[in-house]
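Worksheet: the structure to be examined is printed underneath.
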Amino acid sequence: MPLVILAACERSKTVSSAPEVQASKAQLDALPPELSTFLDEIISNTADEDRVTIKSAGSAEEVVDHMGAGMALRNGELNRYDSKVRKLLVRSGLFHRDDMSGIILLSAARRVRGEPIKFNEQVAEYRNIWAEEDKIAPTDVTCPLCKQEMEIRGPGHPPEPGWVKNYFQGECPSGHYFWYYHTDGWRTAEEVEATFGEPESGANRRSTASKNSDSTPAGGTP
Ligand SMILES: [Zn+2]
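Heads up, the sequence shown is in the numbering used here, so the first residue is 150 and it goes up one at a time.
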């Protein structure tokens, strides 16, 4: 009996290990459809001679260094609140426009060159850099109250003295506000302040329902 079970376990291990390896490789190369579509648009708008230059460069990274398109991306697509690709990059845990445009350009160059885009690796690279400054953006951007997708602002613009962490702010279309710190998750202003002890009397506290227009959305113009 135990032998049979062992044999079965062995067999199932062998059977399941092969697809697992394939899945993780596929995952490494997987590209979210929003980004894939956007890359196609960029590439279709790239002149033939530029494509030749991109293909003949020493590396995709080298191409990006010489592309002026980053500026146009930062001032165009990445500034549009309704941009699907910007929303995707925010959901992936990015907040800085330079990071977003860097990923788009490198991905476009890699696609032209027929190289793996390695989107998840690129995202992780930028997030690791920001993590050193304790600025770790949320990847769950659904409103805890109504489940709509939130607009993300920040990090590091706490509304009151004492908000010492690098909080990100989320606002859903219904105007619900939440604050995010990576070890705490999403919290209301009241929940954050409760962790400080008693709020100062007369302090101008921002409630979850209040309007705040003094910060810009992730990837937006500061
Ligand atoms: Zn909401």
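Ideal Cβ positions, reconstructed from N, Cα and C, are used throughout, including at glycine.
Asked                                                                                                      : Found
Option in Gly-251, Tyr-329, Gly-263 and Pro-265 with minimal Cα separation from Asp-283                    : Tyr-329
Where the beta strand (DSSP E) through Tyr-329 begins and ends                                             : 326-330
For Ala-209 and Arg-276, believed in contact at Cβ under 8 Å, the rounded distance                         : With a Cβ gap of about 20 Å, Arg-276 and Ala-209 do not count as contacting.
Helix, strand or coil at Ile-301 [DSSP, three-state]                                                       : strand
DSSP state of Thr-291 mapped onto helix, strand, coil                                                      : strand
Sequence-distant residues of its chain with Cβ nearer than 7 Å to Ala-206 (five each side left out)        : Val-212
For review: beta carbons within less than 6 Å of any heavy atom in ligand 1                                : Cys-292, Leu-294, Cys-295, Gln-297, Cys-321, Ser-323 and His-325
Backbone secondary structure at Gly-251 - three-state DSSP                                                 : helix
Proximal residues to Gly-368 (C-beta, below 8 Å), its chain only, five neighbours per side dropped         : Leu-227, Asn-228, Arg-235, Leu-238, Val-239, Leu-243, Phe-244, His-245, Arg-246 and Met-249
DSSP three-state assignment for Ala-172, whether helix, strand or coil                                     : Because the pLDDT of Ala-172 is 42, which lies under 50, any placement of that residue in the model is unreliable, and the question is left without a value.
Presumed contact (8 Å Cβ cut-off) between Leu-255 and Gln-271, rounded CB distance                         : 6 Å
Euclidean distance between Cα positions of Glu-339 and Thr-202                                             : 55 Å
According to DSSP, residues forming a beta bridge with Glu-211                                             : In DSSP, Glu-211 forms no bridge with anything.
Alpha-carbon spacing of Ala-196 relative to Asp-189, whole angstroms                                       : 13 Å
Proximity below 8 Å, CB of Ala-273 to CB of Ile-192                                                        : no
Alpha-carbon spacing of Asp-289 relative to Ile-278, whole angstroms                                       : 20 Å
Nearest-angstrom Cα separation, counted from Asn-269 out to Asp-199                                        : 26 Å
Cutoff 8 Å; reference Pro-304; Cβ partners in own chain excluding five residues on either side             : Phe-244, Lys-284, Ala-286, Asn-315, Tyr-316 and Phe-317
Buried versus exposed call for Gly-334 [16 or more other C-beta atoms within 10 Å across all chains shown] : exposed
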